[in-house]
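Chemist: Pasting a structure here, questions to come.
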Amino acid sequence: MVHKPYVESDTVNPQSIYGKSKLAGEMFVRQWVPEHYILRTSWLFGKHGANFVKSMLSLAEQRDRISVVCDQFGSPTYTVDLSEFIVRLLDQKVYGTYHVSNTGSCSWYEFSKEIFKQSAPRPPYSVMDHMGIRLNGLQDLRNWKEALSDYLLNS
């Protein structure tokens, strides 16, 4: 079966209640807001919130083997790139429906392989000596346990 990326004008066919609710939202916006933006995106990853990249890196620390599906394809989207696109879109006032993701596509399996390839290896021991602070008579930071207590109390 030959696949080609969906374009904004393709007929949609939601496969779940979630997808149907998104379509209903789009239809409502189109009906009631003449000058609108509808952005369809996929496979978000970024600094905040849970996402596939964070999950894979966490699993890699916890397990010897990870199983990832290879029969689902999409386009990962970095939230920084998405937000920068939104700012440009708002500045240009070109209303409409847009598919917005980083270019290229992959399976979840290919995405996970690239995550592991690009994530920096971490040394098993990375304790730093504070010699420069001591030699220059500077006050060292407090113990990490005290800092953690402060963080947990004030978060």
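Numbering-wise, the sequence shown is residues 1 to 155 according to the UniProt record's numbering. Built from N, CA and C at the ideal position, the CB exists for glycine as well.
Compare the Cα-Cα distances from C70 to each of K113, K4 and R88 and report the closest residue.
Modeler: Of K113, K4 and R88, the residue nearest in Cα terms is K113.
Chemist: Apply the 10 Å Cβ neighbour rule to T103 and answer buried if 16 or more other Cβ atoms are within range, or exposed otherwise.
Modeler: By the neighbour-count rule (16 or more Cβ atoms within 10 Å), T103 is not buried but exposed.
Chemist: G46 and V80 - do their beta-carbons sit closer together than 8 angstroms?
Modeler: Cβ atoms of V80 and G46: closer than 8 angstroms.
Chemist: In terms of residues, what are the limits of the alpha helix (DSSP H) holding I38?
Modeler: Where I38 is concerned, there is no enclosing alpha helix (DSSP H), although the beta strand (DSSP E) it sits in stretches over Y37 to R40.
Chemist: Would you mind stating whether I66 and L57 have Cβ atoms separated by less than 8 angstroms?
Modeler: Contact flag unset, no.
Chemist: Consult DSSP for S107 and reduce its assignment to one of helix, strand or coil.
Modeler: Three-state result, S107: strand.
Chemist: Please state the DSSP three-state secondary structure of G25.
Modeler: G25 falls in the helix class under three-state DSSP.
Chemist: Answer yes or no: do Y95 and Y37 have a C-beta to C-beta separation smaller than 8 angstroms?
Modeler: Their beta carbons are under 8 angstroms apart, which means Y95 touches Y37 by this criterion.
Chemist: By the 10 Å Cβ neighbour count, where 16 or more other Cβ atoms means buried, how is P121 classified, buried or exposed?
Modeler: Counting Cβ neighbours within 10 Å, P121 comes out exposed, since fewer than 16 surround it.
Chemist: With C-beta atoms as the reference, is E8 less than 8 angstroms away from T97?
Modeler: In this structure, T97 lies closer than 8 angstroms to E8 by Cβ.
Chemist: How close, in whole Å, do the beta carbons of P76 and W43 come, if the pair is a contact with beta carbons under 8 angstroms?
Modeler: At roughly 4 angstroms, the Cβ-Cβ gap stays under 8 angstroms, so P76 and W43 are in contact.
Chemist: If Y109 sits next to V53, beta carbons under 8 angstroms apart, how far is it from one beta carbon to the other, in whole angstroms?
Modeler: About 14 angstroms; that fails the 8 angstroms criterion.
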